[in-house]
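FYI, in my numbering the residues of the sequence shown are 19 to 337. Don't be surprised by glycine CBs; every beta carbon is placed ideally from N, CA and C. Here the structure is laid out as structure tokens; the discussion comes afterwards.
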Amino acid sequence: MALAIHFHDQLQQPHDASLRDETLAGFAASPKWASPKFFYDRRGSELFEQICQQPEYYITRTEEQILAEAANDILDIAGPHSDLIELGSGASRKVRLLLEALHPTSYLGIDISEDFLLSSTQRLAADYPWLEVHAACTDFSNELNLPDDFSSEHPLMFFPGSSIGNFTPGEAAAFLQRLHDVLPAGGGLVIGVDLVKDRAVLEAAYNDRAHVTAAFNLNLLQRIRNELDSDIDPSRFVHRAFFNEAESRIEMHLISPDAQDVTIEGRRFHFDAGESLHTENSYKYTLESFAALADAAGFDCRGQWTDRRGLFSVNYLER
Ligand code: AVI
Numbered sequence: 019m020a021l022a023i024h025f026h027d028q029l030q031q032p033h034d035a036s037l038r039d040e041t042l043a044g045f046a047a048s049p050k051w052a053s054p055k056f057f058y059d060r061r062g063s064e065l066f067e068q069i070c071q072q073p074e075y076y077i078t079r080t081e082e083q084i085l086a087e088a089a090n091d092i093l094d095i096a097g098p099h100s101d102l103i104e105l106g107s108g109a110s111r112k113v114r115l116l117l118e119a120l121h122p123t124s125y126l127g128i129d130i131s132e133d134f135l136l137s138s139t140q141r142l143a144a145d146y147p148w149l150e151v152h153a154a155c156t157d158f159s160n161e162l163n164l165p166d167d168f169s170s171e172h173p174l175m176f177f178p179g180s181s182i183g184n185f186t187p188g189e190a191a192a193f194l195q196r197l198h199d200v201l202p203a204g205g206g207l208v209i210g211v212d213l214v215k216d217r218a219v220l221e222a223a224y225n226d227r228a229h230v231t232a233a234f235n236l237n238l239l240q241r242i243r244n245e246l247d248s249d250i251d252p253s254r255f256v257h258r259a260f261f262n263e264a265e266s267r268i269e270m271h272l273i274s275p276d277a278q279d280v281t282i283e284g285r286r287f288h289f290d291a292g293e294s295l296h297t298e299n300s301y302k303y304t305l306e307s308f309a310a311l312a313d314a315a316g317f318d319c320r321g322q323w324t325d326r327r328g329l330f331s332v333n334y335l336e337r
């Protein structure tokens with residue numbers, strides 16, 4: 019039985035024009051790039067869930083562990099909030115730790131992947147009958163509007179998984195600034211941020227032995243083939259991920275080992291042998307560099323929690 023969730027489709031939907039336009043722009047650029055937000059079709063979202071289970075991908079389990087230990091401390095500082103808003107809600111498992119500690123009146127999950135959003139919010143509605151559950155499918159990286167009938171007098175936002183790291187520092191600052199502008203005074207943001215660490219640990223996390231991250235990266239090409247008019251063949255590309263220490267980021271690329279031409283929406287693009295399509299950056303911060311970024315966006319960084327190995331951080335920012 020489908021459970022009653024409030025689905026807000028009046029917000030701007032992530033539609034095909036942006037996949038088409040951004041793909042054409044990225045393939046025409048030098049060096050070539052593609053936007054990581056298009057990883058998350060149904061298959062990509064499933065692969066991302068599998069990445070989160072890989073032994074090398076410490077991010078998910080470490081953040082869960084920090085939240086399990088610190089949820090009450092975080093909420094002691096944050097105080098009561100009646101509305102919890104999760105950005106990029108995905109499978110919404112980590113948010114359960116906050117929901118159970120905070121017991122808000124309402125929850126709003128926002129995600130770019132509609133199928134995934136609906137199934138995860140329906141599971142929350144089933145498991146927490148006391149909670150008013152809302153879902154909004156939108157690309158919040160450009161603009162964030164909250165649905166009109168979602169009461170958000172005392173909102174707490176939750177942005178887990180270090181998704182902030184997929185923005186450049188400039189984009190991350192602008193994004194935090196937008197959240198700051200949407201939140202009323204006293205509103206807060208719980209945000210997971212991955213930390214700079216040993217290169218081997220970082221690179222293993224993006225080159226898992228089961229090749230799930232490779233499949234996730236290559237699925238971007240399959241999506242272009244499925245949704246646009248294109249002959250691009252994912253089997254003619256290989257996954258590459260490495261830590262760029264000067265930029266403090268993991269870079270993911272798809273390399274064309276051989277020279278080839280691909281056609282997308284009637285336009286032809288040439289790859290030289292060994293040429294790369296840059297698909298993702300995942301920036302890593304220090305506790306200090308992230309607090310400075312939050313401060314520049316007008317937030318007060320009221321608390322930072324890490325695991326014992328200092329792999330990951332959960333930060334509480336107040337408006
Ligand atoms: C969603 N985001 C924080 C992930 C990351 O680690 O940057 C996406 C990802 N890319 C490869 N593996 C996971």
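Proximity to residue i [Cα-Cα], best of the options
i: I209; options: A218, G62, I92 and I273; result: I92
i: A203; options: R38, F56, E67 and E336; result: E336
i: C319; options: S169, G328, S307 and L329; result: S307
i: M270; options: D276, P252, F261 and Q278; result: F261
i: L246; options: Y301, S253 and R285; result: R285
i: S266; options: N299, V230 and R258; result: N299
Cα-Cα separation, residue i to residue j
i: A22; j: A46; result: 45 Å
i: M19; j: E150; result: Interpretation of M19 is limited by its pLDDT of 44, a score under 50 that renders its predicted location unreliable; the figure taken from the coordinates is listed afterwards. One C-alpha to the other measures close to 17 Å.
i: L37; j: F56; result: 7 Å
i: T304; j: S159; result: 23 Å
Heavy atom of the ligand AVI within 8 Å of residue i beta-carbon
i: I128; result: no
i: S53; result: no
i: I273; result: no
i: N184; result: yes
i: D59; result: no
Cβ-heavy atom distance, residue i to the ligand ATP, below 8 Å
i: F134; result: The ligand ATP is not among the ligands present in this structure, which contains only the ligand AVI.
Three-state secondary structure (DSSP) of residue i
i: M19; result: In this prediction, M19 has a pLDDT of 44, which is less than 50 and means its spatial position is unreliable; what the coordinates show is noted afterwards. Of the three classes helix, strand and coil, the one that applies to M19 here is coil, per DSSP.
i: G358; result: In this structure the chain extends from 19 to 337, so residue 358 is not present and cannot be described.
i: L201; result: coil
i: K55; result: helix
i: G44; result: helix
i: R241; result: helix
i: P178; result: coil
i: G321; result: strand
i: L335; result: strand
i: S36; result: helix
Local Cβ density within 10 Å of residue i, reported as buried at 16 or more and exposed below that
i: P122; result: buried
i: I95; result: exposed
i: T356; result: Since the first residue of the chain shown is 19 and the last is 337, residue 356 is not available in this structure.
i: R217; result: exposed
i: N235; result: buried
i: P165; result: buried
i: S131; result: buried
i: T281; result: exposed
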